[in-house]
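Working notes, structure below.
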């Protein structure tokens, strides 16, 4: 999947590339519909959930 960056908000990602939702969910980011996650960057959300952002970006890139 291309075009997703660490700085994009979760809201942007979900609305612009919903195909990434299963990847985020399988990584443990079950906050997809959470109102506060809409304004968080992917990197911030990963940190909150204890997820290595580089590993997550690699999983997204391979999808």
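In the working numbering, the protein residues as written are 22 to 84.
Virtual Cβ for every residue (Gly too), placed ideally from N, Cα, C.
Beta-carbon proximity list for residue i, same chain, < 7 Å, skipping 5 on both sides
i: residue 61; result: 30, 31
i: residue 49; result: 70, 72
Member of the options whose CA lies at the smallest distance from the CA of residue i
i: residue 37; options: 46, 23, 49, 50; result: 23
i: residue 54; options: 34, 64, 72; result: 34
Straight-line gap, residue i to residue j (C-alpha atoms, nearest Å)
i: residue 83; j: residue 44; result: 10 Å
i: residue 39; j: residue 66; result: 16 Å
i: residue 46; j: residue 78; result: 14 Å
i: residue 51; j: residue 41; result: 12 Å
i: residue 25; j: residue 80; result: 11 Å
Local Cβ density within 10 Å of residue i, reported as buried at 16 or more and exposed below that
i: residue 58; result: buried
Contact set for residue i: own chain, Cβ-Cβ below 8 Å, skip 5 residues either direction
i: residue 64; result: 27, 28, 74
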